[in-house]
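Residue numbers (this note's numbering): 3 to 327.
Written below as structure tokens is the structure these notes are about.
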Ligand code: YSA
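Here it is in structure tokens:
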């Protein structure tokens with residue numbers, strides 16, 4: 003067969019190829035090792051030099067052409083196969099994974115909502131603080147041993163990551179006149195060893211209520227209301243004396259689930275009556291106002307609510323833990 007006939011025949015045959023098996027047969031017939039074209043190349047060496055050059059060039063062009071039309075046909079077949087694929091409309095669809103809120107966000111929202119129901123306003127403050135707001139204005143001067151209670155991440159130029167939300171008390175009182183009741187949810191940071199109840203990053207909800215006649219009894223009522231709301235009455239509370247330089251009569255609040263009365267009490271809050279020096283610092287007239295303030299630990303509340311025994315689970319991004327909420 004001469005080369006031109008071969009080319010024509012190959013084109014004709016390819017036009018009647020309809021599936022990949024037929025295409026493979028075509029490839030073997032026209033481009034395979036035993037094809038007429040391959041035999042033609044084998045025999046080229048016996049031709050005189052001039053003819054060898056001429057026929058060799060022509061055979062190469064034809065081989066290239068056959069390869070090109072083979073590739074085109076292959077692509078055509080693949081495309082038409084993909085389009086004609088069987089589609090089972092009764093097959094269940096793929097489940098779309100939905101995102102969900104972090105347990106701390108869930109509980110923080112509940113806490114905020116409980117306080118809102120009691121008329122508290124929500125205020126935010128900076129996470130990067132000056133020494134003045136985090137310590138000095140709260141009666142914790144440099145070199146005072148009380149600074150040891152708040153191990154600090156120091157930044158450059160005297161700034162720091164706030165160790166508690168209490169500095170927002172000062173920011174707020176500098177700009178507002180009593181009476182008011184506010185809560186301040188936010189992140190805090192402490193440079194301290196971690197254990198199952200302490201992390202280096204955690205959330206507090208600060209509370210501050212100032213009016214002409216506020217006593218610890220008001221504080222007790224508010225805390226009882228909020229915790230009852232959060233735990234549907236299922237926790238016991240214990241109030242114990244404590245020390246914070248920015249309050250008179252400092253105290254801590256501990257809670258324990260009612261159905262686990264054998265378990266340990268967990269400290270969830272520091273609190274007290276606002277020290278009169280703070281009112282002086284922000285320029286309130288002396289002896290006119292009274293108030294209570296507190297700092298509630300959100301992680302600890304969440305731990306009791308969901309029975310979580312290690313605070314470090316909240317931030318280590320383990321999906322086996324997070325996907326339970
Ligand atoms: C006290 C009196 C006030 O008038 C106002 C606020 C306060 C609270 C004070 N600013 C404070 O930070 N007290 S505290 O160090 O005892 O922390 C309060 C709560 O935050 C703790 O009861 C605990 O629930 C949580 N907390 C403290 N350190 C923590 C922590 N949670 C997790 N990891 C830590 N490292």
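Every residue, glycine too, gets a C-beta built ideally from N, C-alpha and C.
Residue i (DSSP reduced to helix, strand or coil)
{"i": "residue 65", "result": "helix"}
{"i": "residue 114", "result": "helix"}
{"i": "residue 194", "result": "coil"}
{"i": "residue 56", "result": "helix"}
{"i": "residue 225", "result": "helix"}
{"i": "residue 354", "result": "What the structure shows of the chain is the stretch from 3 to 327, and residue 354 is not part of that stretch, so it cannot be assessed."}
{"i": "residue 79", "result": "helix"}
{"i": "residue 170", "result": "helix"}
{"i": "residue 315", "result": "helix"}
{"i": "residue 108", "result": "helix"}
{"i": "residue 268", "result": "strand"}
{"i": "residue 96", "result": "coil"}
{"i": "residue 147", "result": "helix"}
{"i": "residue 138", "result": "helix"}
{"i": "residue 103", "result": "coil"}
{"i": "residue 1", "result": "In the structure as shown, the chain begins at 3 and stops at 327. Residue 1 is therefore absent and cannot be evaluated."}
{"i": "residue 90", "result": "coil"}
{"i": "residue 51", "result": "helix"}
Boundaries of the beta strand (DSSP E) in which residue i is found, first to last residue
{"i": "residue 203", "result": "203-213"}
{"i": "residue 237", "result": "237-243"}
{"i": "residue 131", "result": "130-132"}
Any non-hydrogen atom of the ligand YSA within 7 Å of residue i CB
{"i": "residue 206", "result": "yes"}
{"i": "residue 173", "result": "no"}
{"i": "residue 274", "result": "yes"}
{"i": "residue 131", "result": "no"}
{"i": "residue 164", "result": "no"}
{"i": "residue 271", "result": "yes"}
{"i": "residue 249", "result": "yes"}
{"i": "residue 313", "result": "yes"}
{"i": "residue 192", "result": "yes"}
{"i": "residue 252", "result": "yes"}
{"i": "residue 235", "result": "no"}
{"i": "residue 299", "result": "yes"}
{"i": "residue 200", "result": "yes"}
{"i": "residue 240", "result": "no"}
{"i": "residue 246", "result": "yes"}
{"i": "residue 302", "result": "yes"}
{"i": "residue 213", "result": "no"}
{"i": "residue 168", "result": "yes"}
Bridge-paired residues (DSSP) for residue i
{"i": "residue 275", "result": "250 and 294"}
{"i": "residue 189", "result": "205"}
{"i": "residue 217", "result": "Residue 217 is not bridged to any residue."}
{"i": "residue 179", "result": "Its beta-bridge partners do not exist; DSSP assigns none."}
{"i": "residue 259", "result": "237"}
{"i": "residue 184", "result": "123 and 210"}
{"i": "residue 200", "result": "197"}
Cβ distance (whole Å) where residue i is taken to contact residue j below 8 Å
{"i": "residue 201", "j": "residue 302", "result": "The Cβ separation is near 10 Å, so there is no contact."}
{"i": "residue 33", "j": "residue 71", "result": "Not really, about 10 Å apart at Cβ, beyond 8 Å."}
{"i": "residue 312", "j": "residue 198", "result": "4 Å"}
{"i": "residue 242", "j": "residue 256", "result": "7 Å"}
{"i": "residue 240", "j": "residue 267", "result": "6 Å"}
{"i": "residue 211", "j": "residue 294", "result": "6 Å"}
{"i": "residue 109", "j": "residue 307", "result": "6 Å"}
{"i": "residue 277", "j": "residue 300", "result": "About 25 Å separates the two Cβ atoms, so there is no contact after all."}
{"i": "residue 297", "j": "residue 275", "result": "That belief does not hold up - the Cβ atoms of residue 297 and residue 275 are roughly 14 Å apart, past 8 Å."}
{"i": "residue 189", "j": "residue 129", "result": "6 Å"}
{"i": "residue 8", "j": "residue 38", "result": "6 Å"}
{"i": "residue 205", "j": "residue 187", "result": "7 Å"}
Delimiting residues of the alpha helix (DSSP H) encompassing residue i
{"i": "residue 163", "result": "Premise fails: residue 163 lies in the beta strand (DSSP E), 161-163, not in any alpha helix (DSSP H)."}
{"i": "residue 42", "result": "38-45"}
{"i": "residue 11", "result": "5-17"}
{"i": "residue 286", "result": "Neither: residue 286 is in no alpha helix (DSSP H) and is coded neither H nor E."}
{"i": "residue 27", "result": "22-33"}
{"i": "residue 155", "result": "No alpha helix (DSSP H) contains residue 155, which DSSP labels as neither H nor E."}
{"i": "residue 323", "result": "321-324"}
{"i": "residue 300", "result": "300-308"}
Closer than 7 Å: residue i CB and nearest the ligand GDP heavy atom
{"i": "residue 295", "result": "The ligand content of the structure shown is limited to the ligand YSA, which means the ligand GDP is not among them."}
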